[in-house]
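Colleague: Just dropping this structure here.
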Amino acid sequence: MIAGNAGRATGTCIYFLLKAGQETHWHAVDAVEIWHYYAGASLILSCAPTLEGPAVDQHLGPGIGAGQLPQAIVPEGHWQKAATTGAWTLVGCTVSPGFQFAGFTQPVYFSIPKSIFCRFEPSRSTLHSSRPAWPP
Numbered sequence: 049m050i051a052g053n054a055g056r057a058t059g060t061c062i063y064f065l066l067k068a069g070q071e072t073h074w075h076a077v078d079a080v081e082i083w084h085y086y087a088g089a090s091l092i093l094s095c096a097p098t099l100e101g102p103a104v105d106q107h108l109g110p111g112i113g114a115g116q117l118p119q120a121i122v123p124e125g126h127w128q129k130a131a132t133t134g135a136w137t138l139v140g141c142t143v144s145p146g147f148q149f150a151g152f153t154q155p156v157y158f159s160i161p162k163s164i165f166c167r168f169e170p171s172r173s174t175l176h177s178s179r180p181a182w183p184p
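Heads up: the sequence shown begins at 49 in this note's numbering, then just goes up one per residue.
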């Protein structure tokens, strides 16, 4: 289905597996992105409105009673990255209007303040500075 006259799909969706030690790179999309938790270890989804931060973590997983979320919404244009907290995590993303590579942005590593590079440390439940998964 195509949205309006823009020739862009109304929505797109993917699912993918993150293994232990893997995380997505910081990136932004020109559309709303909904993350869905499916299986495995919980996931930390870090989001920031700008490259200056601050980054806020959302914990996606099966433990709803413990404050984990089954899904989370990343607003259009917000910076985001995700990492599994265990051996593996199966997640999905729905983007609306549909994902297109022209609307996908990854920053140049050296242009991002170190303060936004945070990674969840499950054993301490705190954030600490770390080198991001950039450049690939």
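Glycine included, every Cβ here is placed at the ideal spot set by N, Cα and C.
#1: Tell me whether the beta-carbon of His73 lies closer than 8 Å to the beta-carbon of Thr142.
#2: Since His75 and Phe147 should fall inside the 8 Å C-beta cutoff, what is the C-beta to C-beta distance between them, to a whole number of angstroms?
#3: Count the other C-beta atoms from every protein chain shown that fall within 10 angstroms of the C-beta of Val77, then say buried if there are 16 or more, exposed otherwise.
#4: With distance defined between alpha-carbon atoms, name the residue in Phe149, Ala130, Pro145 nearest to Ala57.
#5: Whose C-beta lies closer than 8 Å to the C-beta of Pro184 among residues of the same chain, with five residues either side of it excluded?
#6: Shortest alpha-carbon distance to Leu108 belongs to which of Glu81, Pro102, Leu117?
#7: By how many angstroms is the C-alpha of Glu81 removed from the C-alpha of Ile62?
Modeller: According to the structure shown:
#1: Counting from one through the sequence shown, the residue named residue 73 turns up at place 25. Counting from one through the sequence shown, the residue named residue 142 turns up at place 94. No, the pair does not count as a contact, with Cβ atoms beyond the cut-off.
#2: Within the sequence shown, residue 75 is the residue found at index 27, counting from 1. Within the sequence shown, residue 147 is the residue found at index 99, counting from 1. Between the beta-carbon of His75 and that of Phe147 there is about 11 Å, and that puts the pair past the 8 Å contact cut.
#3: The sequence position of residue 77 within the sequence shown is 29, counting from 1. With at least 16 other beta carbons inside 10 angstroms of its own, Val77 counts as buried.
#4: As a working mapping, residue 57 is identified with position 9 in the sequence shown. Closest by alpha carbon: Pro145.
#5: Mapped onto the sequence shown, residue 184 falls at position 136. With a pLDDT of only 35 at Pro184, under the threshold of 50, the placement of this residue in the model should not be trusted; the figure read from the coordinates follows. Contacts found: His73.
#6: To locate residue 108, count along the sequence shown from 1; it is residue 60. Residue Leu117 is the option with its Cα nearest to Leu108.
#7: Counted from its first residue, the sequence shown places residue 62 at position 14. Counted from its first residue, the sequence shown places residue 81 at position 33. Per the coordinates, the alpha-carbon of Ile62 lies some 11 Å from the alpha-carbon of Glu81.
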